[in-house]
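Participant:
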Amino acid sequence: MQDDDILDMLSVEEAADRFGRGPLSAAPYHDPDWWEREREAVFLRSWIHIGHVCEVPEPGSFVRREIEFARASLLIMRGRDGQVRAFHNACRHRGSRLVDEMSGRRSKLSCRYHMWTYGSDGALLSAPDFERFEVPREGCALKPVATEVVAGMIFVNFAHEPEQTAREFFGPIAAAMERLPVARATCFTEWTYEIGANWKTNFDNFQENYHLRFIHPRTGEQALGPENPFGYPTHYGFLGPHRGQKLWKNPDPPPVAGSLKLGYARVGELARREGLDFPKTDFKLFPCFHMVGLPPYQNYTHTMYPLGPDRTRGQVRMYWTAPPEDAAAAFTREFAAVTIRDVLSEDREAVEASQQGMAVIDHIHFQDHEVLLRHLYLEVEKRVRVHVATRTLAEAAA
Amino acid sequence: MSALPKGFAALEPFVGVWNAPDLAARAVLRDDSSEAGRLAFHAAMQPLVVPALDRLDGKQLDALDVAERRLFELLLAYPHVAMAVEVQGDAEAKHAASRRHMRITPPA
């Protein structure tokens, strides 16, 4: 199944007709009050990518994740039953941080303060002098966070009872992701960055090609041609809150630098050897997750974790089905990582500069080929408005 | 005694300069390199990339001997230098400043 079969693909005019034109308030890109509402309406109620099963390969394996937008420290742990769960990294006694390490493997987790001890499924196993507490042991398990694995990736949702499972939320995109290397990855290459920009400002950069010729004159030249000087996609696709695009294929691209050819010379052979077969994929998943498949061999994710109204941490991961077997595989992967990191590095400065003026321009302007940005904006705005209205009604009723 | 397998003597001057154990360390070598250093390594390594791949082809990475391991690490430094020389060109210094924000997670 290709992106075209999953997303409702529209021409640029059709997409603009559907989602509108004209300016929009810039406040959602910088306003602290808006961010607080967005945090509650979007980030505490959506499925967020926080890891991969290969990070917790065995029973008792765990990783710790600091999730700033939720003001939470999470433990993601594989239980003795093989299931991957997420818990708040807080002892149920009096809230002590349970684990300091970023990763490890343990059969039990003990709080150093009073030695409350938990199993890998989060259950309280023992607590000294527990009979003096007026609480059942079952009520003292580590506080869980809704967790689901899709295509090998671990997603969490901070809602007490999420409205949909992650698989329902992603719809047919889940099946498309199951075809990618990420679904059976055993390792990954990762880099992270912090940027002085709202998470949408940052994500928006990866949702339009308008900037390509200016910000990526060298690394992006393959995507530009005389008949499409901005390298605009041919179609924009939508599925509920998610979106994507169909890239234009340059019929007469400039010659590729000699060494890049060397870098990719063996990708077909490696893909066959590893049993990879996936189509070109570019899903922008709500709210802050970008999934890219570049056949025949590369697959990367880019997650944008908000740290505040004007700060974001980005995490990019290239997933591999196994550690490199030989020099050819290692060389190809090195080339792929260097190339993608080079391209993404070029965006950072422009995105940060873009954020700096947000508070003074009042309105932002999206052209028709920035319809994916508008779609994200509207999806976020819709959730914030519903959340505020619901809360207002609840307060009035109280 | 040669530090590299036979046929790769032209790379001897770069042993200890462009060898590094992982992606993060190789990225730092690129960031800290001079243009002259990059050009010299690029010129020497480019014609030897395919021979190096052929030389190491079919060998498990943990079965490489010391000389082959050195050659392998030089081979993996090449993509960094090739991007700098062939793609970034005179923008490399500015690009390096942006790239430093992208912190590669070292292997576990």
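Just so you know, the protein sequences line up as chains A and B, in that order. Read left to right, the first sequence gives residues 1 to 398 (this note's numbering). Read left to right, the second sequence gives residues 1001 to 1108 (this note's numbering). In this text, a Cβ means the ideal position worked out from N, Cα and C, and glycines have one as well. Being a predicted model, the structure only gives us computed values, none of them experimental.
Measuring alpha carbon to alpha carbon, tell me which residue in A:Leu262, A:Pro226, A:Gly268 is nearest lysine 249 (chain A).
Facilitator: Of the candidates A:Leu262, A:Pro226, A:Gly268, the one whose C-alpha sits nearest the C-alpha of lysine 249 (chain A) is A:Pro226.
Participant: As a quick exercise: from A:Ala223, A:Leu372, A:Gln207, pick the residue whose alpha carbon is nearest that of valine 351 (chain A).
Facilitator: Minimum Cα distance to valine 351 (chain A) is reached at A:Gln207.
Participant: Counting along the chain, where does the alpha helix (DSSP H) carrying aspartate 4 (chain A) start and finish?
Facilitator: Aspartate 4 (chain A) -> alpha helix (DSSP H) spans 3-6.
Participant: Tell me whether alanine 389 (chain A) is buried or exposed, calling it buried when 16 or more other Cβ atoms sit within 10 Å of its Cβ.
Facilitator: Counting Cβ neighbours within 10 Å, alanine 389 (chain A) comes out exposed, since fewer than 16 surround it.
Participant: How would you list, in chain order, the residues of chain B whose beta-carbon sits under 9 Å from the beta-carbon of valine 292 (chain A)?
Facilitator: None at all; the shortest Cβ gap to chain B is about 16 Å.
Participant: If leucine 1023 (chain B) and glutamate 194 (chain A) are in contact, beta carbons under 8 Å, what's the gap, nearest whole angstrom?
Facilitator: Going by Cβ atoms, the distance from leucine 1023 (chain B) to glutamate 194 (chain A) rounds to 20 Å, so no, they are not a contact pair.
Participant: Is the beta carbon of alanine 27 (chain A) less than 7 Å from the beta carbon of isoleucine 361 (chain A)?
Facilitator: Cβ atoms of alanine 27 (chain A) and isoleucine 361 (chain A): not closer than 7 Å.
Participant: Does valine 1017 (chain B) get closer than 7 Å to chain A when you measure Cβ to Cβ?
Facilitator: Valine 1017 (chain B) does not count as touching chain A.
Participant: Closer than 9 Å, Cβ to any Cβ of chain B: which residues of the region 240-266 of chain A, in chain order?
Facilitator: Listed in sequence order: Ala257, Gly258, Ser259, Leu260, Leu262, Gly263, Ala265, Arg266.
Participant: If you pair each beta-carbon of the region 304-320 of chain A with each one of the region 27-41 of chain A, do three or more pairs fall below 8 Å?
Facilitator: Verdict: yes, contact present.
Participant: Classify proline 1021 (chain B): buried if its beta carbon has 16 or more other beta carbons within 10 angstroms, exposed otherwise.
Facilitator: Counting Cβ neighbours within 10 Å, proline 1021 (chain B) comes out exposed, since fewer than 16 surround it.
Participant: Would the region 42-60 of chain A and the region 142-155 of chain A be scored as touching if the rule is three or more Cβ pairs under 8 Å?
Facilitator: Flag = yes, the region 42-60 of chain A and the region 142-155 of chain A touch.
Participant: Tryptophan 404 (chain A) to histidine 49 (chain A), Cα distance in whole Å?
Facilitator: The question about residue 404 (chain A) has no answer here: the residues shown for chain A are numbered 1 through 398.
Participant: Between arginine 1070 (chain B) and chain A, is there a C-beta pair that is closer than 7 Å?
Facilitator: Cβ-Cβ to chain A under 7 Å: no for arginine 1070 (chain B).
Participant: For alanine 197 (chain A) and glutamine 315 (chain A), which I take to be in contact (beta-carbon distance under 8 Å), what is that distance rounded to the nearest angstrom?
Facilitator: Not quite, the Cβ-Cβ distance comes to about 15 Å (not below 8 Å), so this is no contact.
Participant: Taking Cβ-Cβ distances shorter than 9 Å, what residues in chain A pair up with lysine 1059 (chain B)?
Facilitator: Going along chain A in sequence order, the residues near lysine 1059 (chain B) (Cβ under 9 Å) are Asp326, Ala327.
Participant: What's the gap between the Cα of threonine 189 (chain A) and the Cα of proline 295 (chain A)?
Facilitator: If you take the alpha carbons of threonine 189 (chain A) and proline 295 (chain A), they lie about 17 Å apart.
Participant: Quick one: residues in its chain with C-beta nearer than 6 Å to the C-beta of arginine 243 (chain A), no 5 flanking neighbours on either side, listed in chain order?
Facilitator: Here the set comprises Lys284, Leu372, His375.
Participant: Output the residue ranges of the beta strand (DSSP E) runs that lie fully inside the region 181-210 of chain A and measure 3 residues or longer, sorted by chain position.
Facilitator: Listed in chain order, the complete beta strand (DSSP E) runs (minimum 3 residues) inside the region 181-210 of chain A are 187-195.
Participant: Quick one: residues in its chain with C-beta nearer than 8 Å to the C-beta of lysine 108 (chain A), no 5 flanking neighbours on either side, listed in chain order?
Facilitator: Result list for lysine 108 (chain A): Thr117, Tyr118, Gly119, Ser120, Leu125, in chain order.
Participant: Judging by CA-CA distance, which residue of A:His211, A:Pro217, A:Gly240 is the nearest neighbour of glutamate 168 (chain A)?
Facilitator: Among A:His211, A:Pro217, A:Gly240, the Cα nearest to that of glutamate 168 (chain A) belongs to A:Gly240.
Participant: So with CB distances below 8 Å, who are the chain B contacts of serine 345 (chain A)?
Facilitator: Chain B residues near serine 345 (chain A): His1095, Ser1098, Arg1099, His1101, Met1102.
Participant: According to the neighbour-count rule (16 or more other Cβ atoms, all chains shown, within 10 Å of its Cβ), is methionine 102 (chain A) buried or exposed?
Facilitator: Exposed: under 16 other Cβ atoms inside 10 Å.
Participant: Alpha carbon to alpha carbon, what distance is there between threonine 392 (chain A) and arginine 137 (chain A)?
Facilitator: Approximately 37 Å between the Cα atoms of the pair.
Participant: Which ranges does the alpha helix (DSSP H) cover as unbroken runs of at least 4 residues, wholly within the region 41-122 of chain A, from first to last along the chain?
Facilitator: Entirely contained in the region 41-122 of chain A, not one alpha helix (DSSP H) run reaches 4 residues.
Participant: The beta strand (DSSP E) that contains arginine 313 (chain A), what's its start and end?
Facilitator: That run of the beta strand (DSSP E) goes 311-320.
Participant: Just the Cα atoms here: how many angstroms apart are aspartate 277 (chain A) and glycine 1007 (chain B)?
Facilitator: Looking at the two C-alpha atoms, the distance is approximately 37 Å.
Participant: On a Cα-Cα basis, can you pick out the residue from A:Glu370, A:Arg78, A:Ala394 that is closest to leucine 24 (chain A)?
Facilitator: Checked all of A:Glu370, A:Arg78, A:Ala394; the closest Cα to leucine 24 (chain A) is A:Glu370.
Participant: Are the CB atoms of tyrosine 29 (chain A) and methionine 358 (chain A) within a distance shorter than 7 Å?
Facilitator: Contact flag set, yes.
Participant: Under DSSP, the alpha helix (DSSP H) around tyrosine 29 (chain A) begins and ends at which residues?
Facilitator: No alpha helix (DSSP H) holds tyrosine 29 (chain A); DSSP gives it neither H nor E.
Participant: So which residues of chain A does alanine 1082 (chain B) contact, with C-beta pairs closer than 9 Å?
Facilitator: Ordered by position in chain A, the residues that pass the 9 Å Cβ test against alanine 1082 (chain B) are Ala257, Gly258, Ser259, Leu260, Leu262, Gly263, Phe335, Val338.
Participant: Report buried or exposed for glycine 122 (chain A), applying the criterion of at least 16 other Cβ atoms within 10 angstroms of its Cβ.
Facilitator: It is buried - the Cβ of glycine 122 (chain A) has at least 16 other Cβ atoms within 10 Å.
Participant: Could you have a look at glycine 231 (chain A) and say whether DSSP puts it in helix, strand or coil?
Facilitator: Looking at glycine 231 (chain A) - three-state DSSP - the assignment turns out to be coil, as it is neither helix nor strand.
Participant: Would you mind telling me which residues of chain A sit closer than 8 Å to alanine 1091 (chain B), beta carbon to beta carbon, in chain order?
Facilitator: Arg218, listed in chain order.
Participant: Flag this pair as yes or no: are the beta carbons of leucine 1071 (chain B) and leucine 1004 (chain B) separated by less than 7 Å?
Facilitator: For leucine 1071 (chain B) and leucine 1004 (chain B), yes; Cβs fall inside 7 Å.
Participant: Closer than 9 Å by beta-carbon distance: list the chain B residues that pair up with threonine 189 (chain A), in chain order.
Facilitator: Neighbours of threonine 189 (chain A) on chain B, chain order: Leu1023, Ile1104, Thr1105.
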